[in-house]
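Working notes for the structure below.
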Amino acid sequence: MFLEVNNVSKSFADKDRGTFEVFSNIDLAIKENQFVSLLGPSGCGKSTLLSMVAGLESVTEGTIQLDGQNIIKAGPDRGMVFQQPSLFPWLNVKENVMFPLKQIISRQEASERADHFLKMVHLSRFKNHYTHELSGGMQQRVAIARALAMDPKVLLMDEPFGALDEQTRHILHKELMKIFQETQKTILFVTHSIQEAIKLSDRVVVMGTRPGRIMADFQVDLTRPRMRDDEQVIALERKVMDLLESEIDKVLKDELSHENIH
Amino acid sequence: MKIFIKRLVFLFVVIGIWQLVYVSGVFPDIAFPSLILVFESLFNGFTSGDLISALLASFRHLLLGLSLAILIGTALGVLLGKSQQADETAGMYLVALQSIPSIVWVPLSILVFGFTEFAVIFVVVLGGTFVMALNVRSAIHSVPPQLVRAARTMGTSGFSLFYRVEIPSSVPYFMSGIRLAWAFSWRALMAGELLSNGPGLGYSLRFAQDYARMDQVIGIIIIIGVIGAVMDQLVFSKLEKNVMKRWGLHKS
């Protein structure tokens with residue numbers, strides 16, 4: 001498989017409880033050119049798993065392989081888009097997109113590539129602006145262009161549209177679908193929104209919490225663009241919702257019982 | 263423009279009251295000279311070259327002292343910011359040293375270096391170094407971890423990460439450090455020069471006091487005030503504001 005998560009566990013050292021296990025024995029295999037969502041309630045470790053694929057978090061047990069290579073540390077073969085745009089405020093839009101290309105390819109080439117991807121996210125007009133002059137949605141588009149400019153093998157997205165308003169999110173969903181079809185990138189997308197996962201993905205991996213684990217794995221073989229009121233979409237949403245309801249209850253109960261103790 | 267007129271009117275009112283008090287003769291002339299005399303002594307000071315050479319000497323001390331303070335302070339700040347070990351060991355002492363008024367260092371400096379210009383410069387260096395170091399330390403601590411994570415996913419690490427992310431991200435705090443270092447050094451400079459054997463503006467001020475020349479004392483105080491205000495408002499505050507705006511930290 002292109003991206004393989006083999007029997008991976010993650011635990012943190014915790015002051016009160018000794019070690020705290022986020023999840024254990026996770027197996028996941030992802031094909032090239034697929035759009036896969038990791039969906040789950042807060043605390044299931046979906047973002048942690050993504051960070052481990054990015055190489056930002058260490059793997060406690062097991063291995064993660066991309067294209068046959070073990071992942072040990074962060075690298076430009078995996079582009080990451082965070083929930084916060086994380087752009088460099090001292091650089092303008094184009095310089096931000098060129099940041100990962102510096103010293104790798106010539107300036108001329110880097111400039112052309114930046115222009116290409118800024119055009120793809122419809123920001124050519126703003127390439128000389130500073131990032132704080134842009135709206136949240138535009139900043140996130142710059143972050144996507146920056147990740148794509150490195151030509152990564154896989155694009156990792158950690159709730160990239162979570163902080164945006166409904167309308168902007170809708171527009172960016174459309175753009176991301178267009179980019180996905182144009183670039184044929186493999187995308188691993190973390191979200192807690194069932195609708196978002198089903199709307200975008202070829203495959204939805206549902207994770208549960210306490211302990212973190214993979215509960216279900218859905219293929220979404222519906223034609224794009226997918227409409228919210230499509231019956232098949234609604235049916236699938238309901239199926240996932242039923243599955244997640246008990247998990248969300250679990251989180252809620254746990255939080256409430258904490259409330260009562262204090 | 264309206265603000266400018268308000269300020270001008272205020273200045274004239276102060277001058278008017280001053281002259282009224284002077285004319286009324288409540289205070290002896292030696293303690294309360296007429297403003298005309300003050301400006302006359304300023305004019306004479308500049309035309310004779312005395313004040314100009316004093317000013318040049320002061321700027322020389324400040325330039326040398328402040329440059330050294332910025333250099334040493336930056337080095338110390340980077341060390342404390344990057345090494346938790348160093349910070350835990352020495353960080354607290356830096357805060358303690360910063361709280362010592364710089365005039366306190368003057369006797370020590372004079373005993374070590376004698377009544378030399380270097381004694382003054384040493385006080386200026388001490389005045390600026392600690393505040394610079396503290397600001398550089400917080401500059402490095404304030405680099406958003408999110409930016410570092412993002413840079414790492416783009417294959418940036420080690421020195422390249424420090425050079426391309428941590429340094430530029432620290433620039434606004436670094437600028438605040440420079441502005442504060444200037445302000446502290448400027449005060450230290452006056453303290454040091456007042457107790458020195460010259461040359462310098464502070465020394466000229468004490469010289470005027472020794473000869474009971476209130477007109478000169480007030481004249482020099484005005485010069486010191488104007489230089490301080492001009493440097494702070496027109497140079498350092500402006501520089502800092504521009505950087506803040508450019509970095510998107512300034513909400514305008």
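Residue numbers (this note's numbering), protein chains in the order written: chain A, 1 to 262; chain B, 263 to 514.
Backbone N, C-alpha and C define an ideal beta-carbon position, used for all residues, glycine too.
In this text the structure is predicted, and so the values were computed from the model without any measurement.
For glutamate 175 (chain A), the enclosing alpha helix (DSSP H) stretches over residues 166-183.
For a Cβ distance threshold of 7 Å, residue set Gly510 of chain B lies close to histidine 132 (chain A), ordered along the chain.
Every unbroken stretch of the alpha helix (DSSP H) spanning 4 or more residues and falling wholly within the region 366-392 of chain B is given here in chain order: 367-375.
Not flagged as an interface residue toward chain A: glutamine 346 (chain B), since no C-beta distance is shorter than 8 Å. Contacts with chain A at 8 Å (Cβ-Cβ) do not include leucine 501 (chain B). The beta-bridge partner set that DSSP reports for arginine 203 (chain A) consists of A:Val36, A:Gln219. Counting only Cβ-Cβ distances below 8 Å, leucine 409 (chain B) has contacts in chain A at Ser86, Phe88, in chain order. For leucine 56 (chain A), the chain B residues whose Cβ falls inside 8 Å of its Cβ are Arg411, Arg414, Thr415, in order along the chain. The C-beta separation of serine 499 (chain B) from alanine 316 (chain B) comes to about 26 Å, leaving the pair out of contact by the 8 Å criterion. DSSP places valine 121 (chain A) in the coil class of the three-state scheme, outside both helix and strand. Taken atom to atom, the span from the alpha-carbon of leucine 236 (chain A) to that of aspartate 242 (chain A) is near 10 Å. With respect to asparagine 397 (chain B), glycine 339 (chain B) sits close: the two C-beta atoms are nearer than 8 Å. Using a Cβ-Cβ cut-off of 8 Å, alanine 110 (chain A) does not count as an interface residue toward chain B, since no Cβ of chain B sits closer than that to its own. Taken through DSSP and simplified to helix, strand or coil, aspartate 27 (chain A) comes out as strand. Pairing isoleucine 402 (chain B) with valine 427 (chain B), the inter-Cα distance amounts to about 10 Å. Of all residues in the region 353-367 of chain B, none is placed with a Cβ closer than 7 Å to any Cβ belonging to chain A.
Within 9 Å of the CB of arginine 78 (chain A), the CB atoms of chain B belong to Thr415, in sequence order along the chain. Contact between valine 393 (chain B) and serine 371 (chain B) is ruled out by a C-beta separation of about 18 Å, above the 8 Å threshold. The Cβ atoms of glycine 490 (chain B) and valine 382 (chain B) lie no closer than 8 Å to each other. Pairing valine 81 (chain A) with histidine 129 (chain A) gives a Cβ-Cβ distance that is not under 8 Å. Here alanine 149 (chain A) is buried: its Cβ has 16 or more other Cβ atoms, across all protein chains shown, within 10 Å. By the C-beta density criterion, tyrosine 355 (chain B) is exposed, having fewer than 16 other C-beta atoms within 10 angstroms. Close to chain A, meaning a Cβ-Cβ distance shorter than 8 Å, are the following residues of the region 427-451 of chain B: Val427, Pro430, Ser431, Val433. Taking a contact as a CB-CB distance under 8 Å, the pair alanine 331 (chain B) and alanine 443 (chain B) counts as one, their CB atoms being some 5 Å apart. Ranked by Cα distance from glutamine 84 (chain A), the options A:Met157, A:Ile71, A:Met227 are led by A:Met157.
For the pair of segments examined, the region 198-214 of chain A was found not to touch the region 88-103 of chain A: the number of CB pairs separated by less than 8 Å stays below three. Secondary structure note for glutamate 61 (chain A): its beta strand (DSSP E) is the uninterrupted segment 61-66. Here phenylalanine 161 (chain A) has Arg169, Leu172 as same chain residues with Cβ atoms under 6 Å from its own Cβ, once five neighbours each way along the sequence are excluded. Taking a C-beta distance under 8 Å as the contact criterion, serine 9 (chain A) and threonine 60 (chain A) qualify as a contact pair. Here the alpha carbons of arginine 414 (chain B) and glutamate 166 (chain A) stand approximately 30 Å from one another.
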